[in-house]
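Counting in the numbering used here, the sequence shown runs from 341 upward without gaps.
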Amino acid sequence: MKKENSRRKFVRNGVLFGLGLPLSSTILTACLTGNKEKKEAQDETSKKLKILILGGTSFLGPHQIAYALSRGHQVSTFTRGKTEPTIHVELFDKVEQLIGDRENDLTALENGQWDLVIDNSGRNVEWTKKSAELLKDRASLYLYTSSTGVYYPYMNENFKEDTEVLMTEPENIEDEDEKIEYWYGVMKANSEQEAIKAFGKDRSIIVRPTYMVGPGDKTDRFIYWPVRLAKGGEVMVPGKTTDPVQYIDVRDVAEWMIRLAEEKITGTFNAVGPEKPQSMMEFVEEASTAFEAESTLVQIDDYEFLKANQVLYLVPWIMPEGKNYGSSRVDNEKAIRNGLTFRPLKETVGEIYDWWESLPEERRNQFEEKPDSVLMRETDILEKWALYK
Ligand SMILES: NC(=O)c1ccc[n+]([C@@H]2O[C@H](COP(=O)([O-])OP(=O)(O)OC[C@H]3O[C@@H](n4cnc5c(N)ncnc54)[C@H](OP(=O)(O)O)[C@@H]3O)[C@@H](O)[C@H]2O)c1
341 MKKENSRRKF
351 VRNGVLFGLG
361 LPLSSTILTA
371 CLTGNKEKKE
381 AQDETSKKLK
391 ILILGGTSFL
401 GPHQIAYALS
411 RGHQVSTFTR
421 GKTEPTIHVE
431 LFDKVEQLIG
441 DRENDLTALE
451 NGQWDLVIDN
461 SGRNVEWTKK
471 SAELLKDRAS
481 LYLYTSSTGV
491 YYPYMNENFK
501 EDTEVLMTEP
511 ENIEDEDEKI
521 EYWYGVMKAN
531 SEQEAIKAFG
541 KDRSIIVRPT
551 YMVGPGDKTD
561 RFIYWPVRLA
571 KGGEVMVPGK
581 TTDPVQYIDV
591 RDVAEWMIRL
601 AEEKITGTFN
611 AVGPEKPQSM
621 MEFVEEASTA
631 FEAESTLVQI
641 DDYEFLKANQ
651 VLYLVPWIMP
661 EGKNYGSSRV
671 DNEKAIRNGL
681 TFRPLKETVG
691 EIYDWWESLP
701 EERRNQFEEK
711 PDSVLMRETD
721 ILEKWALYK
């Protein structure tokens, strides 16, 4: 029962929070022709953009805003005015804040022109359809924030942007978690198509991030590692030596999105890190270098033992079995070829920890003292493992 609950919660959190084209023709032309064209292309690229973010106040949005403002762009957000950012709060004074509801009130979007619309809050196909239709003649580019969830069920590996994805949910799925995963992937895939239908392929950018991690993450699904590794001692590392992991710093996604728009690079892209394949053990080893505390890593590679102890995931590790086999086997070659870069994991983990420490104690305790969490059960699991192996 407990297992079901924790797994369900994981899937819900994952879903609700969001578990190549060559260089644009402008830039290519500039490379191949004379100086005049080159100069024009550069002027075009360095143009200050008017950006509208549908959403913008939760996790990805504030990082997009910080980067966009630092590049001299202007930003408007469109939200219900309910969600409060926990990062870059001071920047929101410099942002035009439009209020409405994607469900039933787009009045605030009926006037105005933008160079770029970023659809972060697209969690409903109709929402994306309506906003893309409404804005298609008053905005140049539409960037839809999708997800690698479009590849669910992850029965294969090496998912590329042209891999066929499900457009309808299968019937007769009994398992509630699976239903949600199917719904999310199909919703994202159809929303991508609505954006493309309204703006056309030449004016649409579709970005499919894997797990985004970084300061401001409200899901508490990655904070385990910074909190745990800061303490040191015997650290449980779930998974087999060959289990791959994928994740990406939210800032690497946010900043790359803005650069794609600046350079007018359109198309569909997986936003997946790290740059090179990485195992779970390699991930923990590298992440632990962010802290002075000494950690002794104890690998638990027996799936049956892990299941018996309700450790089915510890993001970025997801037990790679069945429909999750390929969830960390998504191809990032096209994104890298089109400018996606990755900051060092040590920096990511260290800065997440600093942000976490800046939050009120009460908020941190919701995670750090949560009964039955892996953090609270780790010592017990390690003791059992010592007797079991
Ligand atoms: N987190 C991940 O690891 C991950 C991975 C892959 C994909 N994704 C995707 O990334 C996207 C970014 O998520 P985020 O939360 O970081 O984005 P965000 O833009 O920072 O925040 C979401 C925004 O949506 C607004 N919103 C919610 N319901 C609304 C409504 N009915 N009308 C208008 N605005 C509404 C919220 O403000 P109000 O509440 O004030 O309205 C909030 O500003 C999502 O589409 C998610 O599916 C996330």
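Note that CB positions come from ideal geometry on N, CA and C, so glycine has one too.
Residues that DSSP places opposite residue i in a beta bridge
i, result
"Gln639", "Val577"
"Glu466", "For Glu466, which the question treats as bridged, DSSP gives no partner whatsoever."
"Gly421", "Gly421 pairs with nothing; no bridge assigned."
"Gln453", "DSSP output for Gln453 lists no bridge partner at all."
"Thr608", "Ile546"
"Ser619", "Pro584"
"Leu394", "Phe418 and Asp459"
"Glu436", "Ser416"
"Gly401", "DSSP lists no partner for Gly401."
"Gly613", "Tyr587"
"Asp441", "Asp445"
Backbone CA spacing between residue i and residue j [nearest angstrom]
i, j, result
"Arg669", "Gln618", "10 Å"
"Arg347", "Gly690", "Below a pLDDT of 50, predicted positions are generally treated as unreliable, and Arg347, at 40, falls in that range; the measurement from the model is reported next regardless. Whole-angstrom Cα-Cα distance: 28 Å."
"Asp441", "Phe631", "43 Å"
"Val593", "Leu680", "8 Å"
"Gln404", "Gly395", "11 Å"
"Gln414", "Phe432", "12 Å"
"Gly540", "Arg591", "27 Å"
"Tyr643", "Lys388", "52 Å"
"Trp695", "Asp459", "26 Å"
"Ile721", "Val638", "11 Å"
"Lys469", "Ala538", "8 Å"
"Ile588", "Gly556", "14 Å"
"Leu727", "Pro684", "37 Å"
"Asp515", "Glu521", "10 Å"
"Glu430", "Lys390", "20 Å"
"Gln706", "Ser713", "11 Å"
"Ser628", "Leu569", "6 Å"
"Pro614", "Gly412", "29 Å"
"Ser471", "Glu603", "23 Å"
"Glu595", "Lys724", "44 Å"
"Met597", "Pro711", "38 Å"
"Ala392", "Met716", "The amino acid occupying residue 392 in the given sequence is Leu; Ala does not appear at that position. Distance between the alpha carbons of Leu392 and Met716 is about 42 Å."
"Met659", "Lys647", "9 Å"
"Gly623", "Val585", "Inspection of the sequence shows that residue 623 is occupied by Phe rather than by Gly. Their backbone Cα atoms lie some 8 Å apart in a straight line."
"Ile427", "Ala479", "28 Å"
"Glu532", "Leu474", "16 Å"
"Val351", "Glu443", "Because Val351 sits at a pLDDT of 46, beneath the cut-off of 50, its placement in the model cannot be relied upon, and the following sentence gives the value as read from the coordinates. Going from the Cα of Val351 to the Cα of Glu443 covers about 24 Å."
"Glu701", "Tyr693", "13 Å"
"Phe605", "Thr559", "Sequence inspection shows Ile at residue 605; the Phe mentioned does not correspond to that position. In a straight line, the C-alpha of Ile605 is about 31 Å away from that of Thr559."
"Pro688", "Gly662", "What sits at residue 688 in the sequence shown is Thr, not Pro. The straight-line gap from Cα to Cα measures roughly 30 Å."
"Thr719", "Arg704", "20 Å"
"Gly572", "Glu625", "12 Å"
"Ile536", "Ile640", "45 Å"
"Glu709", "Ala601", "42 Å"
"Asn345", "Glu534", "With a pLDDT of only 39 at Asn345, under 50, the local geometry of the prediction cannot be trusted, and the value read off the model is given with reservation. So the alpha carbons of these two residues sit roughly 34 Å apart."
Min CB distance residue i to chain C below 7 Å
i, result
"Thr581", "No chain C is part of this structure, which consists of one protein chain only."
Segment contact flag, the region 479-490 with the region 533-553, C-beta cutoff 8 Å, min 3 pairs: yes
Cβ contact (3+ pairs, closer than 8 Å) linking the region 602-614 and the region 660-674: yes
Contact the region 421-440 vs the region 525-541: 3+ CB pairs below 8 Å: no
Every unbroken beta strand (DSSP E) within the region 463-530, with a cutoff of 3 residues, ordered by chain: Counting only runs of 3 or more, we get 479-485.
Inside the region 623-697 only - beta strand (DSSP E) runs reaching at least 3 residues: 635-640
Minimum length 3: unbroken beta strand (DSSP E) runs contained in the region 548-605: 573-578
Stretch-stretch touch, CB-based, cutoff 8 Å, three pairs: the region 648-655 with the region 562-578: The region 648-655 is in contact with the region 562-578.
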